Amino acid sequence: MTDINVKIEVEPVNSAPHGPSEEPGQIVGVTGNEAIARGAWEAGVRVAAAYPGTPSTEILESLATYPVDDLHAQWSPNEKVALDVAIGASLGGVRALAAMKHVGLNVAADALMSQSYIGVNAGLVLAVCDDPGIHSSQNEQDSRYFARFAQIPVLEPSDAQEALQLTKLAFELSERFDTPVMLRSTTRLSHTRSPVTVGPRVEPPRRPYRDDPAKQVMIPAYARTRHPLVLEREAKVAAWVDAGELSILEAGASSIGIVTVGMAYSYVKEVAPPASILKLAGSYPLPERTLRSFAASVDRLMVVEELEPVVETALRAMGLATEGKEYFDRTGELSAEGVRAGLVKANVLPAGNRPSTHALTPMPRPPVLCAGCPHMSTFMAMRALEARVAGDIGCYTLSVIEPVRATDICVSMGSSIGIAAGMARTTDGSVPIVATIGDSTFLHAGVPALMDAVYNRSNITVALLDNHTTAMTGGQEHPGTGRTLRGEATHRIDFEQLVRALGVEWVKVVDSYDVPALYQAYREATQFDGVAVVISNRPCVLDPVKIKGPPFEVHAEGCTACQACMNLGCPSITWGDGWYEGRHKVRIDAISCVGCTLCVQVCPTDCIRLVAGQDA
Amino acid sequence: MHERPARSPSTLDHPPPTNVLVVGVGGQGVLLVSKVLARLCQANGFTVKQSEVHGMAKRGGVVFSHVRFGAKVWSPTIPAGEADVLLALEWAEGIRWLPHLKPHDGTFISDTRRLVPPFACRDRRPGAPSGYVTDTAAEILSRVDTGYALDATGMAGELGNPRTANTVLLGVLSTVLDFPEEQWLDTLTDLVPAKSQAINRDAFLKGRAWAVNPTIPPPEPARSEAEKSQSVTLEITATWCKSCDICVKMCPERCLRLDHQQIVELKEPDACTGCRICEMLCPDFAIAVHIT
Numbered sequence: 004m005t006d007i008n009v010k011i012e013v014e015p016v017n018s019a020p021h022g023p024s025e026e027p028g029q030i031v032g033v034t035g036n037e038a039i040a041r042g043a044w045e046a047g048v049r050v051a052a053a054y055p056g057t058p059s060t061e062i063l064e065s066l067a068t069y070p071v072d073d074l075h076a077q078w079s080p081n082e083k084v085a086l087d088v089a090i091g092a093s094l095g096g097v098r099a100l101a102a103m104k105h106v107g108l109n110v111a112a113d114a115l116m117s118q119s120y121i122g123v124n125a126g127l128v129l130a131v132c133d134d135p136g137i138h139s140s141q142n143e144q145d146s147r148y149f150a151r152f153a154q155i156p157v158l159e160p161s162d163a164q165e166a167l168q169l170t171k172l173a174f175e176l177s178e179r180f181d182t183p184v185m186l187r188s189t190t191r192l193s194h195t196r197s198p199v200t201v202g203p204r205v206e207p208p209r210r211p212y213r214d215d216p217a218k219q220v221m222i223p224a225y226a227r228t229r230h231p232l233v234l235e236r237e238a239k240v241a242a243w244v245d246a247g248e249l250s251i252l253e254a255g256a257s258s259i260g261i262v263t264v265g266m267a268y269s270y271v272k273e274v275a276p277p278a279s280i281l282k283l284a285g286s287y288p289l290p291e292r293t294l295r296s297f298a299a300s301v302d303r304l305m306v307v308e309e310l311e312p313v314v315e316t317a318l319r320a321m322g323l324a325t326e327g328k329e330y331f332d333r334t335g336e337l338s339a340e341g342v343r344a345g346l347v348k349a350n351v352l353p354a355g356n357r358p359s360t361h362a363l364t365p366m367p368r369p370p371v372l373c374a375g376c377p378h379m380s381t382f383m384a385m386r387a388l389e390a391r392v393a394g395d396i397g398c399y400t401l402s403v404i405e406p407v408r409a410t411d412i413c414v415s416m417g418s419s420i421g422i423a424a425g426m427a428r429t430t431d432g433s434v435p436i437v438a439t440i441g442d443s444t445f446l447h448a449g450v451p452a453l454m455d456a457v458y459n460r461s462n463i464t465v466a467l468l469d470n471h472t473t474a475m476t477g478g479q480e481h482p483g484t485g486r487t488l489r490g491e492a493t494h495r496i497d498f499e500q501l502v503r504a505l506g507v508e509w510v511k512v513v514d515s516y517d518v519p520a521l522y523q524a525y526r527e528a529t530q531f532d533g534v535a536v537v538i539s540n541r542p543c544v545l546d547p548v549k550i551k552g553p554p555f556e557v558h559a560e561g562c563t564a565c566q567a568c569m570n571l572g573c574p575s576i577t578w579g580d581g582w583y584e585g586r587h588k589v590r591i592d593a594i595s596c597v598g599c600t601l602c603v604q605v606c607p608t609d610c611i612r613l614v615a616g617q618d619a
Numbered sequence: 004m005h006e007r008p009a010r011s012p013s014t015l016d017h018p019p020p021t022n023v024l025v026v027g028v029g030g031q032g033v034l035l036v037s038k039v040l041a042r043l044c045q046a047n048g049f050t051v052k053q054s055e056v057h058g059m060a061k062r063g064g065v066v067f068s069h070v071r072f073g074a075k076v077w078s079p080t081i082p083a084g085e086a087d088v089l090l091a092l093e094w095a096e097g098i099r100w101l102p103h104l105k106p107h108d109g110t111f112i113s114d115t116r117r118l119v120p121p122f123a124c125r126d127r128r129p130g131a132p133s134g135y136v137t138d139t140a141a142e143i144l145s146r147v148d149t150g151y152a153l154d155a156t157g158m159a160g161e162l163g164n165p166r167t168a169n170t171v172l173l174g175v176l177s178t179v180l181d182f183p184e185e186q187w188l189d190t191l192t193d194l195v196p197a198k199s200q201a202i203n204r205d206a207f208l209k210g211r212a213w214a215v216n217p218t219i220p221p222p223e224p225a226r227s228e229a230e231k232s233q234s235v236t237l238e239i240t241a242t243w244c245k246s247c248d249i250c251v252k253m254c255p256e257r258c259l260r261l262d263h264q265q266i267v268e269l270k271e272p273d274a275c276t277g278c279r280i281c282e283m284l285c286p287d288f289a290i291a292v293h294i295t
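Each protein sequence line maps, in turn, to chains B and E.
Residue 4 is where the first sequence starts when you use the numbering used here, and the numbers rise one by one after that.
Residue 4 is where the second sequence starts when you use the numbering used here, and the numbers rise one by one after that.
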């Protein structure tokens, strides 16, 4: 048995506290997310909560760099809890922010839909980051529909400076109109660094708690009285937007008028069409008078917006003849090229001869699990068991890609266990049904599903992949890590105790780097009739500390090129120069190898050994 | 409604921004390069937009960072065919993003080191080729206006840390953009941890010196050819098989199974690579692999 201890070398976790050190008036280069955080801080936010999710994660990470005395910033186990915490703070009388990615808003939607009826005490802002182009998500839903659905105003900044200003404005609007306000970002805005002029923090006085059950307790009788007020509020906000300076008109040629909003504005400006441009600050509620007069001033009206035709549909509903999505994609991320192509198609720009580019066929390079990732061994075991695997959201979703190719289904946060339970009702038990779920995702939405599986006597195996962090989003704390967002020690959930408390009788904790023990645990778990949980336990190799043990190498003379090690999908293992019976021998990249020993354990010829001169 | 005086298309009022696209693979340090550049540009009074995508990109996948600077910058991303400089930390990534480079007057800078992903090694049958790009440095350099291809990882390794290859390439980049050497060094030093400041300075200067008199690296040494046209057959002695399932579970290609009599059989002959694991692991010598 190979020694599976690895040396741990601690590298400083990157944290660049930028926030409070800047003097008001100073120009700094910050990302959209940092600008939202700065805007919230300047607006005097006192409580902020989120569950990490790309591209929204850095909003809270950035807020956590501001002084503890200024605000409480926290990770919550999911977005609904985060929004509830913010709601509580708002009703308690201080400005509060909840941040989430677009699909996180689905989780928080239950709270939002009714909070819209209740309104706020102090300002309540939801920072929601969409992911057009699906850079790191499971869909590209357009959250602006949620603003319309919940009938709360949405502001859509087009760069970091606007993100800061509109975040501050969002708090003001929230208090002025007694409504939660959505600030909607996108991946491109959230992750683009651009110059921002920062201002001072102005903390409004705390508002006294209002004892007002008819406003705050949504029993049917009270809710019925609130709903008409929501409609009145919509009209008031619309009138205010119409009267104010939020919409920006850039008068140009009257032959064509472009209405645009959010990041799309920057692409329109890049392309610089001969047109008048009306830039909106948000898509709901719309400034109807402004839009009508703009429409009347141009021969052709056209909407350029990213993803769904939210503004376009509303303009049509106003009876305005407008063009839009027939020229611009409804899927994917918008770009200057996309806007240019659309405007050419619409005969607004001449076709022109764009310079031909270098045409080449790129090589696919799908993201992979990291070298030494403790999830790899679990998926090797899944393959060996020929299990049907309901996966979940996290790094381990990458196990769907060859050569690992183990995850069969993945839908949404925490879905794996429920899906496995449902699927188990469709089989005769001959195929093992396994749910794989990470520690953070399990706490997010997996706990009720496991409760369900036990309660309804399901016959499934749950692989709880505990890597002690929220890895996919860059290593955030959660209730199972024992640390808070600000790094303070706190209670740490014991997963074995938690799972047993839910009624699971078969529980085993194994070391993810101990391949034989892991295989055996999964074999026994899948043979168990009932809910079995294997807690596969090893810290992530990247966070909170980078793990780097002595690297291994392949002794080519012993390699029979079976490539069993390559089934791990480890990015450090690749084809070497030699051949054996026509197949490529393998080699290990010593720079990236972290010495996890998984390949050593699966090598049938024992030809993978420590790099000479390294001792274990 | 707020009225801005007149329409001010960026292309008319201001010269277009300078576009630098930095690309590579997760973990190589793309972001350090673009951060140094962005900070330097900002310190010199330019408006800068630096755009990247995190998240899954970190996991060994494609990483890119757009840096645009000038008097006024609108789109945070560089439109295809408009990058003035394409800086690649990995060979295949440089080729992936080549369509973003200006076709007639763009500058291409790339490490020639290859990070071959597991995905490119998927076909394991005898004689199967790698899925990695085959374009050589000479081929790519002949297609671009100005091109630099160098073994930056090797040069960084000579200094003691191959991971500073990104800084070697930053040194090359510094000869293309018009900022003073000291500013580059100061900005770089600011952005790397104290313990690696010295090696990063060395790496930067090494790349910068190399670019003064760049060389085209020799082509990759040709790989020995595999023996061709081998066919694999499995000889299974059914009476020796005791249905232990070891070969089925350990087959890397998952091409074995137990039949209705619980005797091993080859269910997917085309997938079998002849790796002999079943032959080696069978406790009863029931499987023999023949490669002809």
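Each residue gets a CB set at the ideal place from its N, CA and C atoms; glycine is no exception.
A quick note: this is a predicted structure, and the numbers were derived from the prediction, not measured.
*Three-state secondary structure (DSSP) of residue 345(B)*: As a working mapping, residue 345(B) is identified with position 342 in the first sequence. In the structure shown, residue 345(B) sits in a helix (DSSP, three-state: H, G or I).
*Establish whether the CB of residue 282(E) and some CB of chain B are separated by less than 8 Å.*
The sequence position of residue 282(E) within the second sequence is 279, counting from 1. No, because no Cβ of chain B sits closer than 8 Å to the Cβ of residue 282(E).
*Note down, in chain order, all residues in the stretch 128-139 of chain B with a beta-carbon under 9 Å from any beta-carbon belonging to chain E.*
134, 136, 138, 139
*Within 10 angstroms of its Cβ, does residue 38(E) collect 16 or more other Cβ (buried), or is it exposed?*
Position 35 of the second sequence, counted from the first residue, corresponds to residue 38(E). Around the beta carbon of residue 38(E), 16 or more other beta carbons lie within 10 angstroms, which makes this residue buried.
*asked:* Classify residue 407(B): buried if its beta carbon has 16 or more other beta carbons within 10 angstroms, exposed otherwise.
replied: For the purposes of this step, residue 407(B) is identified with residue 404 of the first sequence, where counting begins at 1. Buried: at least 16 other Cβ atoms inside 10 Å.
*Span separating the alpha-carbon of residue 107(B) from that of residue 424(B)*: Indexing the first sequence from 1 puts residue 107(B) at position 104. Indexing the first sequence from 1 puts residue 424(B) at position 421. Each residue's alpha carbon lies about 24 Å from the other.
*Taking the CB atoms as reference points, tell me whether residue 220(E) and residue 168(E) lie closer together than 8 Å.*
On the second sequence, position 217 is the one that residue 220(E) refers to. On the second sequence, position 165 is the one that residue 168(E) refers to. Not a contact, by the Cβ cut-off of 8 Å.
*How about residue 111(E) and residue 89(E): are their beta carbons less than 8 Å apart?*
Here residue 111(E) corresponds to residue number 108 of the second sequence, with the count starting at 1. Here residue 89(E) corresponds to residue number 86 of the second sequence, with the count starting at 1. In contact: residue 111(E) and residue 89(E) (Cβ atoms closer than 8 Å).
*Assign residue 587(B) to one of two classes, buried (16 or more other C-beta atoms within 10 Å of its C-beta) or exposed (fewer than that).*
Here the question's residue 587(B) lines up with position 584 in the first sequence. Buried, because 16 or more other Cβ atoms sit within 10 Å of the Cβ of residue 587(B).
*Return no unless some Cβ of chain B is closer than 8 Å to the Cβ of residue 67(E).*
For the purposes of this step, residue 67(E) is taken as residue 64 along the second sequence, with counting starting at 1. Taking Cβ atoms only, chain B never reaches closer than 8 Å to residue 67(E), which makes this a no.
*Check distances from the C-beta atoms of the stretch 261-272 of chain B to those of chain E and list, in chain order, the residues that come in under 7 Å.*
269, 270, 272
*Spatial neighbours of residue 19(B) within its chain, please: CB distance less than 7 Å, with the 5 preceding and 5 following residues excluded, ordered by chain position.*
If you number the first sequence from 1, residue 19(B) lands on position 16. In this predicted model, residue 19(B) has a pLDDT of only 42, less than 50, meaning its place in the structure is not dependable enough to derive any value.
*Indicate the three-state DSSP secondary structure (helix, strand or coil) for residue 250(E) in the structure shown.*
For the purposes of this step, residue 250(E) is taken as residue 247 along the second sequence, with counting starting at 1. Residue state for residue 250(E) is assigned as helix, using DSSP reduced to three classes.
_Taking only three categories from DSSP, how would you classify residue 509(B)?_
By one-based count along the first sequence, residue 509(B) stands at place 506. Residue state, collapsed to three classes: strand.
*4-residue-minimum alpha helix (DSSP H) runs that sit fully inside the stretch 490-558 of chain B, ordered along the chain*: For the stretch 490-558 of chain B, whole alpha helix (DSSP H) runs of length 4 or above, ordered along the chain, are 498-504, 518-530.
*Around the Cβ of residue 463(B), are there at least 16 other Cβ atoms within 10 angstroms (buried) or fewer (exposed)?*
Within the first sequence, numbered from 1, the residue matching residue 463(B) stands at position 460. Buried, by the Cβ-count rule.
*Give, in chain order, every unbroken run of the beta strand (DSSP E) that is at least 3 residues long and sits entirely within the stretch 186-255 of chain B.*
195-200, 251-253
*How long is the line joining the alpha carbons of residue 590(B) and residue 133(E), rounded to whole angstroms?*
As a working note, residue 590(B) is residue 587 in the first sequence. As a working note, residue 133(E) is residue 130 in the second sequence. In a straight line, the C-alpha of residue 590(B) is about 14 Å away from that of residue 133(E).
*residue 6(E) CB to nearest chain B CB: under 8 Å?*
Translated into the one-based positions of the second sequence, residue 6(E) becomes position 3. Chain B, which has a Cβ nearer than 8 Å to the Cβ of residue 6(E), makes this yes.
*My understanding is that residue 453(B) touches residue 510(B), with C-beta atoms under 8 Å, so please give their C-beta distance in whole angstroms.*
Against the first sequence, residue 453(B) aligns to sequence position 450. Against the first sequence, residue 510(B) aligns to sequence position 507. Between residue 510(B) and residue 453(B) the Cβ distance is about 11 Å, and since that is not below 8 Å, they are no contact.
*Under 8 Å between C-beta atoms, does residue 48(E) make it to chain B?*
The residue you call residue 48(E) lines up with position 45 of the second sequence. Answer no: the Cβ-Cβ gap between residue 48(E) and chain B never drops below 8 Å.
*Own chain, CB closer than 8 Å to residue 205(B), minus 5 neighbours either side, in chain order*: By 1-based counting over the first sequence, the position of residue 205(B) is 202. If we look at residue 205(B) and ignore the five residues flanking it on each side, its Cβ neighbours are 45, 46, 47.
*So residue 31(E) packs on residue 92(E), CB below 8 Å; how close in whole Å?*
Taking the first residue of the second sequence as 1, we reach residue 31(E) at position 28. Taking the first residue of the second sequence as 1, we reach residue 92(E) at position 89. That pair is a contact at about 4 Å.
*Once you ignore the five residues that flank residue 254(E) on each side, which residues in its own chain have a CB closer than 7 Å to its CB?*
If you number the second sequence from 1, residue 254(E) lands on position 251. Counting only Cβ-Cβ distances below 7 Å, and skipping sequence neighbours, we find 280, 281.
*Could you confirm whether any beta carbon from chain E is found closer than 8 Å to the beta carbon of residue 351(B)?*
Indexing the first sequence from 1 puts residue 351(B) at position 348. Answer no: the Cβ-Cβ gap between residue 351(B) and chain E never drops below 8 Å.
*Select from the stretch 545-566 of chain B all residues with a C-beta closer than 9 Å to any C-beta belonging to chain E, and list them in chain order.*
Across the stretch 545-566 of chain B, CB contacts with chain E closer than 9 Å involve 545, 563, 564, 565, 566, in sequence order along the chain.
*Grab the span of the beta strand (DSSP E) containing residue 22(E) for me, first residue to last.*
Working through the second sequence from its first residue, we reach residue 22(E) at position 19. It spans 21-28 - the beta strand (DSSP E) in which residue 22(E) sits, taken as one unbroken run.
*If residue 266(B) sits next to residue 309(B), beta carbons under 8 Å apart, how far is it from one beta carbon to the other, in whole angstroms?*
Along the first sequence, read from residue 1 onward, the residue named residue 266(B) stands at position 263. Along the first sequence, read from residue 1 onward, the residue named residue 309(B) stands at position 306. Residue 266(B) to residue 309(B), Cβ: 6 Å. Contact.
*asked:* For a test of the three-state rule: what should DSSP assign to residue 103(B), helix, strand or coil?
replied: The residue given as residue 103(B) occupies position 100 in the first sequence. DSSP places residue 103(B) in strand when its eight states are reduced to three.
_8 Å Cβ cutoff met for residue 291(B) and residue 241(B)_ = Working through the first sequence from its first residue, we reach residue 291(B) at position 288. Working through the first sequence from its first residue, we reach residue 241(B) at position 238. It is a contact, given that the beta carbons lie within the stated cut-off.
*Count the C-beta pairs between the stretch 504-521 of chain B and the stretch 80-91 of chain B that are closer than 8 Å, then say yes if the count reaches three, no if not.*
No contact exists between the stretch 504-521 of chain B and the stretch 80-91 of chain B.
_Along the stretch 364-377 of chain B, where does the CB come closer than 7 Å to a CB of chain E? Name the residues._
365, 366, 367, 368, 369, 370, 371, 372, 373
*For the alpha helix (DSSP H) holding residue 111(E), just list the boundary residues, first then last.*
Here the question's residue 111(E) lines up with position 108 in the second sequence. Element bounds for residue 111(E): not the alpha helix (DSSP H) but the beta strand (DSSP E), 110-114.
*Can you tell me the Cα-Cα spacing of residue 602(B) and residue 123(E), whole angstroms?*
Position 599 of the first sequence holds residue 602(B). Position 120 of the second sequence holds residue 123(E). Each residue's Cα considered, the two are about 19 Å apart.
*chain B contact residues for residue 270(E), given Cβ-Cβ distances below 8 Å*: Looking up residue 270(E) in the second sequence gives position 267. Correct list: empty, because the minimum Cβ distance to chain B is about 12 Å.
*Using 8 Å as the limit for Cβ to Cβ distance, is residue 266(E) near chain B?*
As a first step, residue 266(E) must be located in the second sequence, where it is residue number 263. No, because no Cβ of chain B sits closer than 8 Å to the Cβ of residue 266(E).
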